[in-house]
Amino acid sequence: MLVDTGANVTLLRTDLAQKLKEQLIYTAPNISLKTATGEKTEIRGKLDASIECGSRKFHHRIYVADITDPCILGLDFLQKFNFTVDLEKNEIRTGGEEIPLFAASVQHSKSCSVLAKKRTIIPARSECLIQGVPEVPGQFRYAVTNFPSQVSQKGVLVAASLVDLEMEAIPVRVLNLNNKPKILDKGDVIATCDPVVDIVARPQEFSGAQHLQSTLENLQMLNEEQRTAIKKLLNEFQDLFSTCDADVGRCNMTQHRINTGDHPPIKQYPRRLPLARKEEAEHLVKEMVDNGIIEESSGPWASPIVLVKKKDGSTRFCVDYRKLNEITKKDSYPLPRIDDTLDALNGSQWFTTLDLKSGYWQVEVRPEDREKTAFTTGQGLWQFKVMPFGLCNAPATFERLMETVLRGLSSEACLVYLDDIIIVGRTFEAHLNNLRKVFQRLQKANLKLSPKKCRFFQKEVTYLGHVISAEGVKTDPGKIKAVVDWPRPDKIHDLRSFLGLCTYYRRFVKNFSTIARPLHKLTEAKSNFNWTDECEKSFNSLKQALTSSPILTYPRTDKEFILYTDASNEGIGAVLSQNTGNEERVIAYFSKSLEPEGQIARWIQRLQEYDFEIQHRKGTSRGNADVLSRTPCKESCKQCTNAEKKFGMERDISVKVVTTTTVDPWSSCEIQKAQLEDPAIKPILEKKLNLAERPSWQEIAPESPATKRYWALWDSLHLKDGVLYRKWESDDGNSYRWQLILPKSRIPEVLRETHDSASGGHFGVMKTLSKTRERFYWDRLRADVENWCRECHACGARKGPKTRTKGRLQRYNVGAPFERMALDILGPFPRITTKGNRYVLVLMDYFTKWPEAIPIPDQEASTVAEELVRSWISCYGVPMILHSDQGTNFNSALFTKLCELLGILKTRTTALHPESDGMVERFNRTILNHLSLFVSRNQTDWDTHLPLFLLAYRSAEHEVTGLTPAEMLFGRTLRLPCDILFGRPSETPSSPNEYMKNLEARLESVHAFARERIKLASERMKTRYDSRATHHHFKEGDLVWMYNPKRRRGLSPKLQQNWEGPYTVVKKLNDVVYRVQRSPNAKPKVIHINRLAPYRATDHNSIK
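Letter by letter, the sequence shown follows residues 755 to 1858 in my numbering.
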């Protein structure tokens, strides 16, 4: 089929439409189709059909006409099902699935051979990957490699694999079965490539069809006829079910509106995320972008995100819209009354519950309101294209949509509450018919169902917190689990808690005092706790009374809810109730052990959709929730076991409590121990501890030089708590401080704190030395501080090494016009000109210095290549060498191919070393100086001044050659406006032959003169440049710093580290260029010596 974004409707050829089973609806004869050529074609009719695209089916209306192509997918189909057309990647995408597009000619292409790129030896009985190239490139892109049948290769097998022929080399897996090595020479045929006309990347996720099949197998109560009928229905509407998480419907019946009136935009800063969660957030954002859920935003609104862990371990991506909800005008569209909904189900025998796949995401946000949903993770600003969770009016919008979709279906067929749909029926046939009607409505609205959450043809289902069956409606046991699972009390404290809960609702329990009397007796003073059968009966009766009507009633959405909450060390408890008449009636009890992680984030997401008011009530007046938060746990409670392990709590008081203590490494005892282990300090400390006099020189002579230097300070050394200190006095003797004599083993820890830490600040030698001397002393302290600061990796990366390298100047002189030329891009200029230009393509010949400056609208490789051919090569011929910087446009596949076709040798500068292309860089500065003098105030006419600038430059003497570029190229000067204005005698040759002879002689003389001038100028430049060279050379294996400043969006260049290292020198390419590598697996880089420096740093974090 043909994808045509220019076609407004989707078309099908008449003969194919007649073969389909779908009913053809004939249209009026006055409806016609206008083709691309302007001709009119009659439309034969229309039909509703399923179109299979990739792995999915799409239900769509198609028009039938006499067209050439079998089927044309129009813009209506692409927009309805949210397709993205990516011409750069040559594919269309929807729902996380990528479907490649192929040119029609590919299907008729013949296979081509793959040739060995280089000579390869395959060892005996071995398999290896061989690099190959297509014999005829450009025929098609994707192919499957096969064994070359036309070549006799005994004992050799080729694996079939999918390859991309646009790659630089095609990997071919070859197996040598022989006992001898197999030699493949360069150019040998190693495989054949057969064209591929269709590739579908299908996401490996949940399969809706498989789930529906397993659903049918679980319907044991149905007979074979009924199962066949259900299977036929589900197969008919299988495209209604989501096949994966990315397969979300997109309803076009309504759009969500966020009405904030005239309130100014709200911008909130992103909350900090841990590094691991930040990567997770970026992954979720990318996933939502790929699935068409969000898009980039450029508006003034921003809300923070919250990441919440789900029960299955995955992460829920939430946005905190509380500030936005505060200013949003509320939508008063009512939600249905649950009791009315449930009453309508009485009498039904069959039940099916449906759940929409990510229901809110199937509703689009109005385009002008999308910017209000913007959020940020700290990297970029994004906005929702669909309705996100957490907006206050989202439930009203969704309920309005669902009631609109199912309008006209009676309550005897189906009921809906938000995205929960229940279909009922008094008989199997009626239920099947009702289900078909609902499926048709949902399909027409382009909504998708989640097959995992749908329950078909059940006799009993759970719906809206109630159990629905043919017998009627009863409360979901999960709602009253907190009371039903209350364990039997085994001590007075637990019994009083239970009676407290019962007493709170005693007015709803008939004969409460009589039922509870046996339990109250156990709580009396001087009473023994003896649990009898009468107590057991009373306990169970009260639980039954608390969990049966009229205590638990239906919730009503038109009345306020009252939520009593309480928290304790054991957990949280809650009771949800409403005022009905003059009484407060319970809807549900809740009790749960505490699991702090993610709770606040989940509460924020759930609560921000409601209007609510928080009121404090004393614990004595809310005994219901207070008691539920302190419900006794079972013996095997998982949360209690974890809490005991985490906090060291013991359940049995008879168990001995074990405590652990941590030894302070800087206590006096530990410091003394470290000083005694230091051979330089030990002799002095032992003498001090023994209260000995100062030892004589003869005693100290055998010791180390460090010990002798400590001995020289004997009178300044003192003991404090058994630890050796130095008393350092000021010059005037009025103040002093104590310096700890630091053992050698503790020096790295101290220097890490005084230099590397946040309080150390990575300052220089003098500041670090002063900070260290204030508190410590050890032998050769200054030298250690100097070495530490000099070898600090972080300081080197930011400040750069002290020793820099500068290589000698490498000359490249040319001797004839257009042998070697340079090109560069100047721009972008801040204002686009009236002609649409923003850049200047600069070209210049190294010998004649003849320049070209061509204004261009962009710097795409195709634009640069086209202008190079049109403005230079067509006028002056093909240069031998073309020199540029490392711009992507100059190194693209297109530009490289152009140079190969024309036989041009392409060279480039090393990264971040513009001196390698100094001539054109200096010319760029001349252009800017000129334009700044002549450009208009609004700077939109700079491209109109370039022609006259080039005239001025070409007619001006160049400093290096001593001649004008025009004289170097044409052998004569250019005629200028001043020559016409003031007059100048012309040189008229007697004949063309004389002119040619004179021109040839003049050019030969001019070029010889220029060659001498260029040689002298380069000698002067080299002498001047080399005077600053360091004469430093690196050898293979040397460690070096590499200067590599980077600009990252959102980060200040002033706060970044410009030096990276250590890199290892892999190879010396010439006197000034080296190949270096960060690690054995990293990509090597070719770097000029000026960006390298010797690496002498140490990573202090690795020092223990």
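Backbone N, C-alpha and C define an ideal beta-carbon position, used for all residues, glycine too.
Predicted model, so just to flag it, every value in this text is computed and none were measured.
Looking at the structure shown, is residue i part of a helix, part of a strand, or coil, going by DSSP?
i, result
"Q1103", "coil"
"H1010", "strand"
"Y1217", "strand"
"Q1810", "coil"
"D939", "coil"
"T1818", "strand"
"V1140", "strand"
"M975", "coil"
"H1472", "strand"
"Q1194", "helix"
"R1585", "coil"
"V1412", "In this prediction, V1412 has a pLDDT of 37, which is less than 50 and means its spatial position is unreliable; nothing more can be read from the coordinates."
"M1156", "helix"
"E1118", "strand"
"N1187", "helix"
"V868", "strand"
"D1654", "Sequence inspection shows Glu at residue 1654; the Asp mentioned does not correspond to that position. Helix, per DSSP."
"K1462", "helix"
"R1592", "coil"
"W1055", "coil"
Is the separation between the beta-carbon of residue i and that of residue j shorter than 9 Å?
i, j, result
"I1610", "L1595", "yes"
"I805", "T764", "yes"
"H1296", "N1284", "For clarity, residue 1296 is Leu in the given sequence; the question names His instead. Cβ atoms of L1296 and N1284: not closer than 9 Å."
"L778", "L801", "yes"
"K1822", "Q1831", "no"
"I821", "V757", "no"
"I1627", "L1580", "no"
"F1703", "L1685", "yes"
"Y896", "V912", "no"
"E1050", "Q1137", "yes"
"I1048", "R1025", "no"
"Y1593", "A1576", "no"
For residue i, which residues in the same chain have their Cβ closer than 7 Å to its Cβ, ignoring the five residues on either side in sequence?
i, result
"N836", "T848, R1004 and G1046"
"S867", "E889, P902, V943 and T946"
"E1153", "Y1087, L1089 and L1172"
Among the options, which residue has its Cα nearest to the Cα of residue i?
i, options, result
"E1290", "D1244, H813, Y1318 and V1329", "D1244"
"M1775", "P1701, A1706, G1672 and L919", "G1672"
"H1472", "E1440, A1455 and K1462", "E1440"
"I1495", "S865, V1504, G1487 and S1052", "V1504"
"E1606", "E1621, D1432, Q1137 and T982", "E1621"
"L1078", "C1256, D1044 and T1127", "T1127"
"A1847", "G1550, F1724 and F1763", "G1550"
"V890", "K864, A878 and A913", "K864"
"F1193", "R1271, L1108 and F1182", "L1108"
"Y1464", "P1437, C1546 and L1443", "P1437"
"A1570", "A1764, V1062 and T1106", "A1764"
With a threshold of 6 Å on Cβ separation, who are the neighbours of residue i within its own chain once the five nearest residues in sequence on each side are excluded?
i, result
"H1712", "K1603"
"L931", "G909"
"I846", "F837, V839 and I853"
"R1491", "W1482"
"V1159", "R1195 and A1199"
Using 9 Å as the limit for Cβ to Cβ distance, is residue i near chain B?
i, result
"L1705", "No chain B appears in the structure shown, which is made up of a single protein chain."
For residue i, count neighbouring C-beta atoms within 10 Å of its own C-beta (all shown protein chains included) and say buried if the count is 16 or more, exposed if not.
i, result
"R810", "buried"
"D769", "exposed"
"Q772", "exposed"
"P1633", "buried"
"T1588", "exposed"
"E1118", "buried"
Looking only at its chain, what residues have a beta carbon closer than 8 Å to the beta carbon of residue i, apart from the 5 residues adjacent to it on each side?
i, result
"D1432", "P1497, K1498 and S1499"
"D1733", "none"
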